[in-house]
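Residue numbers (the numbering used here): 68 to 225.
Using N, Cα and C, we set each Cβ at its ideal position, and we do this for glycine too.
As the structure is a prediction and not an experimental result, all values here were calculated from the model.
Input: a single structure, listed below in structure tokens.
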């Protein structure tokens with residue numbers, strides 16, 4: 068793919084739009100809390116130490132963007148729960164990758180909590196990039212292709 072075409076691809080890339088939805092620190096913190104089972108407004112307040120108006124704004128935005136769904140509680144119609152949608156659940160690898168990156172580079176405080184596989188109780192591995200056949204890939208193994216070039220081996224190194 069030519070350099071000029073690649074520059075145009077960067078403009079149309081999904082990353083800027085994704086960052087528009089999730090690029091705010093509080094949105095990621097709310098998402099992390101939702102992944103950890105928090106679903107009520109007051110519980111988000113307690114867990115995050117966030118101002119009410121900011122929490123209300125971010126929850127509304129996450130609902131509007133389809134990351135969370137707001138459901139009125141059947142047992143108390145004055146309360147609502149915020150639950151992850153499939154679109155929100157699809158953000159789990161991104162959240163885990165950011166957390167693992169922060170831990171690897173000494174950002175934040177080390178936690179005693181370790182995310183583990185329910186089946187065997189062992190910690191999950193690092194989030195990474197896999198080829199279609201399961202091979203682990205690094206940045207140096209990757210290339211951008213036009214969709215018409217898919218399946219054609221690229222100019223390779225080594």
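Identity of the residues DSSP links to residue i by a beta bridge
i, result
"residue 148", "107 and 138"
"residue 183", "190"
Where the alpha helix (DSSP H) containing residue i begins and where it ends
i, result
"residue 124", "119-131"
"residue 303", "This structure leaves residue 303 out entirely; the chain is present only between 68 and 225."
"residue 163", "159-171"
"residue 100", "92-102"
Residue i to residue j span [Cα, whole Å]
i, j, result
"residue 90", "residue 173", "21 Å"
"residue 212", "residue 199", "15 Å"
"residue 132", "residue 88", "7 Å"
"residue 146", "residue 118", "18 Å"
"residue 86", "residue 114", "24 Å"
"residue 68", "residue 190", "Residue placement at residue 68 is flagged as unreliable, the pLDDT there being 48, under the threshold of 50; the coordinate-derived value follows with that caveat. Spanning the two alpha carbons is a distance of roughly 39 Å."
"residue 150", "residue 207", "38 Å"
Simplified DSSP assignment, three categories, for residue i
i, result
"residue 203", "strand"
"residue 197", "strand"
"residue 220", "coil"
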